Every structure is written in C-alpha cells, then in structure tokens.
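2 protein chains.
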Amino acid sequence: MSSALEQLRERLSKIKDLENASAILEWDQETHMPAAGVEARSRQVSTLRQMAHELFCEDTTADLLAKAKPENDLDKDLLRVVKHDFDHATRLPADLVGEFSRVTSMAREGWKEGKANNDFSAFEPHLAAVLDCNLRKAEALGYEDEPYDALLDEFEPGMKTSEVTSVFEALRKDLVDLVGQIAKEPVIDESILTRYYPEKAQWDLGVRVMSEIGYDFDRGRQDRSAHPFSTTFSVTDSRVTTHLNKHHFNPAFFGSLHEAGHAMYEQGVDPALDGTPLQDGTSLGMHESQSRLWENLVGRSRPFWDHYFPLVQRYFPAALSGVSEGEFYRAVNAVRPSLIRIEADEVTYNLHIMARFELERAMLSGEVKPAQLPEAWNARMRDYLGVAPDTDSEGCLQDIHWSLGAFGYFPTYALGNLMSAQLWSAMERDLGSLEDLVANGEFSPLLGWLRQNVHRHGRRKTATQILEATYGSGLDAGPWMAYARKKFGDLYDVAA
Amino acid sequence: MSSALEQLRERLSKIKDLENASAILEWDQETHMPAAGVEARSRQVSTLRQMAHELFCEDTTADLLAKAKPENDLDKDLLRVVKHDFDHATRLPADLVGEFSRVTSMAREGWKEGKANNDFSAFEPHLAAVLDCNLRKAEALGYEDEPYDALLDEFEPGMKTSEVTSVFEALRKDLVDLVGQIAKEPVIDESILTRYYPEKAQWDLGVRVMSEIGYDFDRGRQDRSAHPFSTTFSVTDSRVTTHLNKHHFNPAFFGSLHEAGHAMYEQGVDPALDGTPLQDGTSLGMHESQSRLWENLVGRSRPFWDHYFPLVQRYFPAALSGVSEGEFYRAVNAVRPSLIRIEADEVTYNLHIMARFELERAMLSGEVKPAQLPEAWNARMRDYLGVAPDTDSEGCLQDIHWSLGAFGYFPTYALGNLMSAQLWSAMERDLGSLEDLVANGEFSPLLGWLRQNVHRHGRRKTATQILEATYGSGLDAGPWMAYARKKFGDLYDVAA
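Listed below in structure tokens is the structure:
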C-alpha cells in the first residue's frame, strides 16, 4: 500500500494532466481549429476542467492532505500550496459558483450591448450583480482586512490590498507628475513604426530574437492567433502565439518578447515540479514581471537597439532605410497619454491599472455605486492622464474583464512592472552592468539569473519571498520609478 | 431525478469527450509538438485514456445499461453498441491487460532488433508470447467457431472468420492468376512519377482536389506529419495529415485522397450522434472502403484523369510537359509485384493482406509454429506474387503490427477494398454512369450517396448491414474482382 503522500501525488498528477490537456485543447482552439469545431470543443474543455475540479474537491483529497507526511522541503511546499488551493476550491458553495456563472454570462451580453451602443445603462444592473457575487465570494473565501484581499489572493497569492494600496499611492503621485511634464514636451514622431513591415520578415525576425534572448524552440513553438498569448503544457512544452500587423512594427515584435518572457518563465521551472501543482509560475504579478522585463527593460532599452537596430534594418530595408537608431529608439518609447489601456505606453500603462484598482475597491466598498462608475472613471482619466473619453465605450466599458467577474486581477499588471524593476536592480547588483551585456547581445547571464532566482522555484516560493530573497524586501515601487524617471527624463529632456 | 437513459448518456458523453481530447493530444504530438514534449505528453494521453476506460468499466455503467429504457430506434442502437463495448471492455481480466502490455512492449524491442539485424531469432520468442496473449485474450472475449473470431471482432464487429476465409479463398485464385498474367507483359514505365514535384504545388493541388471531391475544410484541416493519418474530434472537426516527397508524385496526392476519404466518412456522420459512442465509422473495413473508394475507384480511374490531368500538368509544368494523359494514367496504375506491402499497387496489395491473414490464423491454431514463420512467409510470397525476400527483414519482419499484438487487424485492409467495389456497384445502380460524373468533376452525387447510405449511420449499422441494404448481400469479392479484371485487363492487354 502506497503512503498517503504517494497517493496524493498520484491524484494531483492526474488532475494536472487533465488541466494541461484542457490547455492543449484551448491552444488548438485559438490557433488551428476549424471554426465549426467550437461547440464540440467547448463541451470537451468543460468536461475536462470539471473532472479536474471534481477530482480535486473530493473528500479523499482532504483525507490524504491530512494524513500525508512530508519527507523533505519539497513535500512541505507541495502540501502548503495544495492546502491553499484546496481551501480555495472547496470554500465556494456550489450555488454561488452556479450563480457566478449565470450572472457573468448575462453580464457579458449586457457589456457587449452597452459597449456597442455606448449605453452604460445596459451594463449597469449586471455590474451591480457581478459586484454582489464578488462580495459573496470574498465572504466565502474569507479575508482579514477587506473583501478585496480575498479576490486579489486568487491572482497574487499572499499579497495584501493594503500593501498594494500604499505602494500605488506613492507611485501615482510621481507618475502623474512625470506624465504631466512629458505632456508639455514636443510629441515624438512614431510614424516610422506604421510603415509597411512584411509579415514574413516580422515572423523571421521575431523567431530569431526570441531564440537569441533564450526562448527554447526545442521545448516550445510559435503560432498565429487573433490575440497573442502564451500557454504551457509541461516544462518541456511551453508555447507562444503572435499576431502580425503588416502596417505596424510593434505588436508582433514587442508582443513576441513579452510572450517569450512568460514562456521562458515556464520553461525555467525545475523539471522535478513538472506535472505537479507546483509547476506553474507563482503569481500573475511575478509572471508579468518576466514578460515586462524582456519586453521593456531589455527590449525597449537603448543598449538593446544599439545591438539590434542594424539587424532589424536589414530585415526591413524599405521601411527603415535612412532611419537612425536614435529615431527608432525614441519612436518605440514614445509616451502618449491615451484612453486605451491595451495600447498604452510604458509610462502611462500603470496609471490605467491604478485607476481600475481604485475603482474596483471603491465599488466593492460601496463608495462608488455602479451608476457613478462613468463619472468616477472619467475623473480619474482626466486627473491621471489629462485626457477623458467622449463615450463610455471608450471609457469604463472598454475592457471585458469586469463583465467576466474578474475583480482583483487588474493590479497584477502594474505589480509585474514594479517587480520587474526590483528584479532588475537585484540582477544588476549580482551581475554588474546589464547595459553592457544587453548591448553585446549576451542574454544568457540574465536568463541564467532569472532561472536560478525566480523560474526554478515554480510555486514553491511566493512573489514576495522571491523579492525578499533577491531584492531584499517585498513590493517596492522605488526601482521602477527611478528607472522611468531616468529613461523618460532623458528621452524627453525633463527633470522628472 | 433524470432517467437511467439520461444518466447513461451523460456518462457516455463525458467518456467520449475524454477520448476525443486524447485524440487532439495525439494529433498535436504528430503534427506540431516540440520533440522534447513527448514524455509529458505520453503521460497526459495515458491519464485521459485510462480515466475514460475506468469511467466506462465502473459498475454504474452496467447498472444504467440494465435499467435504461429505450424510447426510440436511436436509443436501441445506442444501447446495443454500448453493451457490446461494455462486454468487450470488462471481459478482459486486469492481469491479462497488464501482461499484454508488458509482452508487447518487449516484443516491440525484439522486433526492432530482429529487423535491424535481419535476425528472426531475436523476435521469435516474443512472437510466441504475443500469440499466447492473443489466445488468452480470445478465450476471455469468447467466440463461437475459432479464436480468430474474437480478435477480428475488435476491428470488424460482427464479421466471422469463416466468412472472410471463404471470400478470400476464391479471390486469391483469381488474383494470383491475374498477377501471373500481368507479370508476363511489358513493365509500365513509372519514371514520370519520380521527377521533381515542388512541395508547395503538391500541397496546393492536394488541398484543391480534396475540396473538390467534398472534404469540408470548414470542418477540418490538413497538416504535415511523418506518416499520413486522419483523426476526428467531432463531426465538425475531422482532420487529415500528409507527407510530401518532392521526388515522388504519388504519396501526397493519393495519400490525400485516401485520408480525405476517411475524414469525409467522419464528417458525414449524423450530427445527432456527435459526442456519443455512435459517432465513429462502424468498422475498420468500412472505413477503409471509404478511403480506397476515393483513392482508387475514383482517383486512379481513367475518367478522373480525363478531368484532372490538364490541371495537374499546369501545377507541374516542368515534370509533366510533353507527358500524355495516357502515359500518366498507366504510370499511376502500374502493377509491380514487390516485397513491401506499404508500397504495393492496387492489384497485389490484397495478396499481401491475404498472406498475413492466413499466417495469423495458422499461427493461432498452432499449424505454423513461430520458428516456421519465415519459411511459411516466403513460400506465400513466391506462390502469390512470384517474388521472395532475400532477408527476413524484408519478409516476415517488415511490419511492426504483430509485435504490437495486433492480430485480426490486417484483413480489414482487403475487406475495405472489396467493400468499396460493392458500394460502387450499388451506387452505379442508383446513380447511373459514375464514369460520366467523375469525368465531369461532379463528385457531389457520389458523396451524397455515401453520406445517405453509409456515413450518416455512424456505428448504428454494421458494415454487413450497410452492404446488405445497399449492395443486396454481405461481403462479396465479385465486384472488386470484376473491376480489377476489367481495369487491369485493359491496361495490360490481358484476357484476365
């Protein structure tokens, strides 16, 4: 008779196989599946996800968890993480899960209608219902200080709302000030980037640069999809997708660096964790730190373009002949306060996120009623970015996520940015000048450091533990703000 | 509380989802998966297949089967087929399943070694063990006349060995005679087919012709793989793969027609059966009848090339300029007795299959001992084809299948050929001259007839029932032999 721990491991391995199989089905759906296959595919994915959930939530899992005797640190980490997941999965009553699904299903339709017709009132009652469900969910999951804690914990395990709030508050002041100063300076010409960039050359360049920064194509691949994403089926199979726009250089190139950053995280997880619940990246914020590090701190840096601009010019001789490296570098870093989060630049992006975080908390606390959302949204856009939408479709209705019920999710984007700069600063302390390495195209020391200090741990360490062990303390906006001040201060010639 | 029938349907739907999901994982493995992913993928597929098997074999399934009250003919068909599957799945004792797996796993290694070194003795003891396992399997499954019945039933449900034997016996005499006559005639020059055929043009032509015969790319797709295959995930998603050889016209072109034939069968199943155990083609023989009908009766016919040769010449101007349609038609139909089944022409292929069928039966009955296999094999090759291998690697060791434990599987290839001609003759009775339709590129009446009479039934009717309802009786070699005699008699100018 095998031990409780062995039985638990076997059960968890089955569940992980079901989850990874679902991910394969979903990847196929986004990349290769004939359109007519969608109905059958939805049923197949739903069956696998449901079986995984049911298998996990059975009493047997609780029994095995109670009886399992850890024999080493890895076992201890496994049991801790699985207990956390089990509590989370079993605390939500079935009727709430059902209602959440019904409410968000209707909310999605209400949101679509509202956005299409610029009619917030079509979404408002659904938003109220979604908020109510989220509050009940938070109560069921439990929290210490405020309901938002329970929701945030789903995406950023162990992070407290108070911590995020205090870090964001300080950052916001500095950032609004920087954006305001930049707004007074001449606009950077970005038109170079919207010339004709043939798709094949974009694809080939992307694959080449992804390989050179360290994405392992022997354990992954790239496909096309409507929206780029990365997905993982095992430590040995972590894939990315891209979307090519032949009239815009940025989406495919920076998107590829971004998705490769996510996928390299998953490729770097200790193989011993493969097929266990510890296999994945530890949080959405830490995951985003990896994508943003390669996309921005590396990919939008001056040394990166010192190294790559001549090559890129060879890939696109028509679009880039006569363009200087400096012009190109400025273009890919242009700051332009806009209404649309998903197209926002490196500096203003965080303000979009903070506005959403503040509004989520205010709606959950009842401080902002659903009916007041458009006004509250517009006020923040004006205050933070100096722009305001003409319509709610461009404003508080722009993102689908709230209609999906996802509260507590948005802040992880900004957390990722902040963490990326904290890790960068720790890496620089350990490796010396990163600028020189990047300028020479030597990325393996960077990737090696990330593997050693971040990737290999999988879910064994929380984001905060990783930051403490590398940077020396938990979440801190200082390094990112210093980075932004220096980079964009130079670029716009402002003493930010 | 839902009825027993509803509960059973729900359970079967889950199982089918797991099986279809496994098929997606396997398709990905053969087409797109990075090589390093194989170990994790094997685990994932094995978990899904095992869960499907366990869920099906639980006592609950038997209880529901016993209690379910059919409300219509569809329900009756479902219950009949599921009872058959359940009996089959639960009759094999777990220790035999385990031993079968161990024995074939070792046999595969023994076969590889034997084939690589032309050393039959390396495989001989494994063959004996595989035979023993198959005999025990047949006993567990049960049979009326001889053990082979039980094994054949796995691939060709309801077909009796005696039926196959008597049909094959008569066919063999006629066929050996035809092959003997052809062997005396001048050899047809096939060198046209091994000129340079650019891969892109092969791909484009294949997709075009597959579309034109009726393969629905809105509910399917084509990818590359090392070995061509077709696979189905739902009635709305049935895919094919191809393998391109730039120095040979045949593999991709006729392979595409062949795989499209299989996939069109699955695309033609009644959507009401989707996601149930009735969704698939009814037997391997009937499946092969569909692929061979499009590959050979259509794709290697004179009217087909009357219609397509000018187009194909435009796709390959370098290879085919100055080539006449007649030369091309003769080349794609050249008969050349050879040692290798997978490269065999339309006429000799059946003899390869019959030899294997006879040897399988003789080995199971003890008439041919494993040690006598090489001699028995070579004798048949000489008698049937007039050629004999110099080595066992080219002889009885050429195929992997026996080492995998697959006994009862080979005959379905020849059954498919025979059935294709029976269906063709019924179709001609109903539709009038098929030659005219094919010569005009009008394939939709043919496909429509097959959908109506074969495809839509899925597993609701057996192959024999389909033949009886269309052709008027069960398995019959007459139509195929008459077809071969006419076609190859004309081609080689022999009065066969």
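Sequences listed follow chains H and U, in order.
Residues -7 to 488 in our numbering are what the first sequence lists, from first letter to last.
Residues -7 to 488 in our numbering are what the second sequence lists, from first letter to last.
Glycine included, each C-beta is placed from N, C-alpha and C at the ideal position.
The structure displayed is predicted, hence computed values, not measured ones.
Original post:
Taking Cβ-Cβ distances shorter than 9 Å, what residues in chain U pair up with residue 40 of chain H?
Top reply: Going along chain U in sequence order, the residues near residue 40 of chain H (Cβ under 9 Å) are 9, 10, 13, 40.
Original post:
Under the three-state reduction of DSSP, which class applies to residue 214 of chain H: helix, strand or coil?
Top reply: strand
**OP:** Classify residue 121 of chain H as buried or exposed, calling it buried when 16 or more other Cβ atoms lie within 10 Å of its own Cβ.
**Re:** buried
**OP:** May I ask you to report which of helix, strand or coil DSSP gives residue 486 of chain U?
**Re:** coil
Original post:
Hey, does residue 212 of chain U have any beta-carbon neighbour from chain H nearer than 7 Å?
Top reply: yes
**OP:** Please confirm whether residue 44 of chain H and residue -2 of chain H have their CB atoms less than 7 Å apart.
**Re:** no
Original post:
So what does DSSP say about residue 156 of chain U, is it helix, strand or coil?
Top reply: DSSP places residue 156 of chain U in the helix class (H, G or I) of the three-state scheme.
Original post:
Of the choices U:20, U:52, U:149, U:172, whose alpha-carbon is the least far from that of residue 80 of chain U?
Top reply: U:149
**OP:** Write down every uninterrupted run of the alpha helix (DSSP H) in the segment 241 to 287 of chain U whose length is 4 residues or greater and which is fully enclosed by it, in chain order.
**Re:** DSSP runs (the alpha helix (DSSP H)) wholly in the segment 241 to 287 of chain U: 242 to 259, 276 to 284.
Original post:
Going along chain H, which residues have a C-beta under 9 Å from residue 6 of chain U?
Top reply: 39, 42, 43
Original post:
Mind checking if residue 196 of chain H is an interface residue toward chain U, Cβ cutoff 7 Å exclusive?
Top reply: no
Subject >> Endpoints, the alpha helix (DSSP H) within which residue 222 of chain H is located >> reply: Segment 222 to 226 is the beta strand (DSSP E) holding residue 222 of chain H; no alpha helix (DSSP H) there.
Original post:
Distance, Cα to Cα, residue 143 of chain H vs residue 410 of chain H?
Top reply: Whole-angstrom Cα-Cα distance: 20 Å.
Subject >> Proximal residues of chain U, C-beta to C-beta of residue 272 of chain H below 7 Å >> reply: Going along chain U, no residue has its Cβ under 7 Å from residue 272 of chain H, so there is no contact; the nearest lies around 14 Å.
Original post:
If you draw a straight line from the C-alpha of residue 284 of chain U to the C-alpha of residue 416 of chain U, how long is it?
Top reply: 11 Å
**OP:** Spatial neighbours of residue 273 of chain H within its chain, please: CB distance less than 6 Å, with the 5 preceding and 5 following residues excluded, ordered by chain position.
**Re:** 257, 279
Original post:
What's the C-alpha gap between residue 41 of chain H and residue 13 of chain U?
Top reply: So the alpha carbons of these two residues sit roughly 12 Å apart.
Subject >> Of the listed residues H:217, H:370, H:394, nearest to residue 343 of chain H (C-alpha basis) >> reply: H:370
**OP:** Could you tell me which of H:4, H:239, H:262, H:296 sits nearest to residue 74 of chain H, measuring between CA atoms?
**Re:** H:4
Subject >> Nearest residue (CA-CA) to residue 167 of chain H, options H:377, H:254, H:117, H:113 >> reply: H:377
Original post:
Considering residue 290 of chain U, what are the terminal residues of the beta strand (DSSP E) in which it resides?
Top reply: That residue, residue 290 of chain U, is in no beta strand (DSSP E); it is neither H nor E in DSSP.
Subject >> 6 Å CB neighbourhood of residue 353 of chain H in its chain, flanking five on each side removed >> reply: 140
**OP:** Taking residue 216 of chain U and residue 23 of chain U to be in contact with their CB atoms under 8 Å, please state how far apart those CB atoms are, rounded to whole angstroms.
**Re:** Correct: roughly 7 Å between the Cβ atoms.
**OP:** Check the Cβ of residue 190 of chain U against every Cβ in chain H and list those closer than 9 Å, keeping chain order.
**Re:** Simply none; closest approach about 18 Å.
Original post:
Along the chain, which unbroken stretches of the alpha helix (DSSP H) at least 4 residues long are found entirely within the segment 80 to 123 of chain H?
Top reply: 86 to 109
Original post:
In the segment 349 to 369 of chain H, which residues sit with their C-beta less than 8 Å from some C-beta in chain U, listed in chain order?
Top reply: none
**OP:** Ignore the nearest five residues each way along the sequence and tell me which others in residue 383 of chain U's own chain have a CB closer than 7 Å to its CB.
**Re:** 110
**OP:** Taking residue 184 of chain U and residue 315 of chain U to be in contact with their CB atoms under 8 Å, please state how far apart those CB atoms are, rounded to whole angstroms.
**Re:** 6 Å
Original post:
Looking at the C-beta of residue 17 of chain H, does it have a partner C-beta in chain U at a distance below 7 Å?
Top reply: Yes, its Cβ sits closer than 7 Å to a Cβ of chain U.
**OP:** Quick one: list the residues of chain H neighbouring residue 36 of chain U, beta-carbon separation under 7 Å, in chain order.
**Re:** 9, 12, 13
**OP:** Report all residues from its chain with a CB closer than 7 Å to the CB of residue 170 of chain H; omit the five preceding and five following residues, and keep chain order.
**Re:** 339, 476, 477, 480, 488
**OP:** Compute the Euclidean distance between the alpha carbons of residue 368 of chain H and residue 351 of chain H, then round it to the nearest angstrom.
**Re:** If I take the Cα positions, the gap works out to 8 Å.
**OP:** Would you kindly check if the distance between the Cβ of residue 16 of chain H and the Cβ of residue 320 of chain H is under 7 Å?
**Re:** no
Subject >> Outcome for residue 302 of chain H when other beta-carbon atoms lying within 10 angstroms are tallied against a minimum of 16 >> reply: exposed
Original post:
Given residue 236 of chain H, which residues of its chain have a CB within under 6 Å of its CB, disregarding the five upstream and five downstream residues?
Top reply: Taken in chain order, the residues that qualify are 191, 194, 244.
**OP:** Out of U:310, U:269, U:461, point me to the one whose CA is closest to residue 9 of chain U's CA.
**Re:** U:269
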